[in-house]
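In case it helps, full-length UniProt numbering puts the sequence shown at residues 1 to 248. Below: the structure, in structure tokens.
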Amino acid sequence: MPKEVTKLPLGGPKDKPPHLPPPPPGKINPLVMNRPNPGGVPYGQLIKSFEDPGMVALTFDDGPFKYTNRLLDTLKNSGSIRGTFFVNGKNTGDLNGQGMMDVPKRMMAEGHQISSHTSRKWLNSRTPSMELLARSQPTCAPPNFDCNGKCMKLMGKMGYHVVGENLDTHDWKNMTNMQASKDIVGKAVDGADSKKNNFIALAQDIHEATVDQSAKHMLDKFKAKGYDSSSNHTAVTVGECLGDAPEN
Numbered sequence: 001m002p003k004e005v006t007k008l009p010l011g012g013p014k015d016k017p018p019h020l021p022p023p024p025p026g027k028i029n030p031l032v033m034n035r036p037n038p039g040g041v042p043y044g045q046l047i048k049s050f051e052d053p054g055m056v057a058l059t060f061d062d063g064p065f066k067y068t069n070r071l072l073d074t075l076k077n078s079g080s081i082r083g084t085f086f087v088n089g090k091n092t093g094d095l096n097g098q099g100m101m102d103v104p105k106r107m108m109a110e111g112h113q114i115s116s117h118t119s120r121k122w123l124n125s126r127t128p129s130m131e132l133l134a135r136s137q138p139t140c141a142p143p144n145f146d147c148n149g150k151c152m153k154l155m156g157k158m159g160y161h162v163v164g165e166n167l168d169t170h171d172w173k174n175m176t177n178m179q180a181s182k183d184i185v186g187k188a189v190d191g192a193d194s195k196k197n198n199f200i201a202l203a204q205d206i207h208e209a210t211v212d213q214s215a216k217h218m219l220d221k222f223k224a225k226g227y228d229s230s231s232n233h234t235a236v237t238v239g240e241c242l243g244d245a246p247e248n
């Protein structure tokens, strides 16, 4: 892991959301977008934790979906908590559908990090979702974390940090028994020390039970364990936890 990771607690600074430049003209193909690779955070390598303890990044995969706005409400009402959203172009809903782009626009406006959780079907197009990918921060979570050596090499060439997890809530398989997911989080957090451990927590914002039950439970558990040292209760994104270069 890089040595220059900036130490940011769960209560990170409330600076403005990053300015995202307009997408390039014409067709957008990440394979030839020629992203720069600034900073010391590795590209094309799986990242499953941060160097410094006391840091938490809440990540949500597979959306946006009809429940995502409710999750954004929960994060905002819990003290402007920042999350990282690994979005799909077309999963449970089509990101190019009517009104769907309003959700990632809100994410950006409220300081969340938008990253990629998609595959080649997004590439080489000029859709609103492809423009979003072109403007998103250079982190990705491959679907099912399925990324072999060739895939990792390609991710590095494309200028992406590849992000995994070290706390999987398994919410997707506990929809009728969300207590099981809460128990997974509780066991991990109760056994952790905020002076020694850090977390990349994984959940999915496409599940109603996750949005209405699990998300708030995670926030409460982390805060109770000391992963919040700021009166602002402001979480940090994956990029901030990594101490990624500001230009990213």
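Built from N, CA and C at the ideal position, the CB exists for glycine as well.
{"Check": "Distance, G40 Cα to D205 Cα", "Outcome": "30 Å"}
{"Check": "DSSP beta-bridge partners of D204", "Outcome": "Residue 204 is actually Gln in this sequence, not Asp. In the DSSP output, where bridge partners are listed per residue, Q204 has D61."}
{"Check": "DSSP-derived helix/strand/coil call for V236", "Outcome": "coil"}
{"Check": "Local conformation of C140 per DSSP, three classes", "Outcome": "strand"}
{"Check": "For G83 and A215, the rounded distance between their alpha carbons", "Outcome": "11 Å"}
{"Check": "Contact check, A209 vs M175, beta carbons under 8 Å", "Outcome": "yes"}
{"Check": "Close Cβ partners of N77 (< 8 Å) along its chain, the five nearest in sequence each way excluded", "Outcome": "none"}
{"Check": "Three-state secondary structure assigned by DSSP to A192", "Outcome": "coil"}
{"Check": "Rounded straight-line distance, which links the Cα of N69 to that of N88", "Outcome": "16 Å"}
{"Check": "Beta carbon of G159 nearer than 8 Å to that of P138", "Outcome": "yes"}
{"Check": "Reference D102; option with closest CA among G243, G239 and G63", "Outcome": "G63"}
{"Check": "Proximal residues to K196 (C-beta, below 7 Å), its chain only, five neighbours per side dropped", "Outcome": "P53"}
{"Check": "Span of the beta strand (DSSP E), counted from its first residue to its last, around H217", "Outcome": "That residue, H217, is in no beta strand (DSSP E); its alpha helix (DSSP H) goes A215 to A224."}
{"Check": "8 Å contact criterion, which F145 and L167 should meet: CB distance rounded", "Outcome": "About 14 Å separates the two Cβ atoms, so there is no contact after all."}
{"Check": "Whole-Å CB distance - S49 paired with F85, under 8 Å assumed", "Outcome": "Their Cβ separation, rounded to whole angstroms, is 20 Å, which puts S49 and F85 out of contact at 8 Å."}
{"Check": "Spatial distance of A224 from G99 (CA atoms)", "Outcome": "37 Å"}
{"Check": "V103, DSSP secondary structure in three states", "Outcome": "helix"}
{"Check": "Candidates A201, S194, V236 and E240: closest to G226 by CA position", "Outcome": "S194"}
{"Check": "Under the three-state DSSP convention, the category S78 falls into", "Outcome": "coil"}
{"Check": "Nearest-angstrom Cα separation, counted from G111 out to E240", "Outcome": "11 Å"}
{"Check": "Bridge partner(s) assigned by DSSP for Q113", "Outcome": "T84"}
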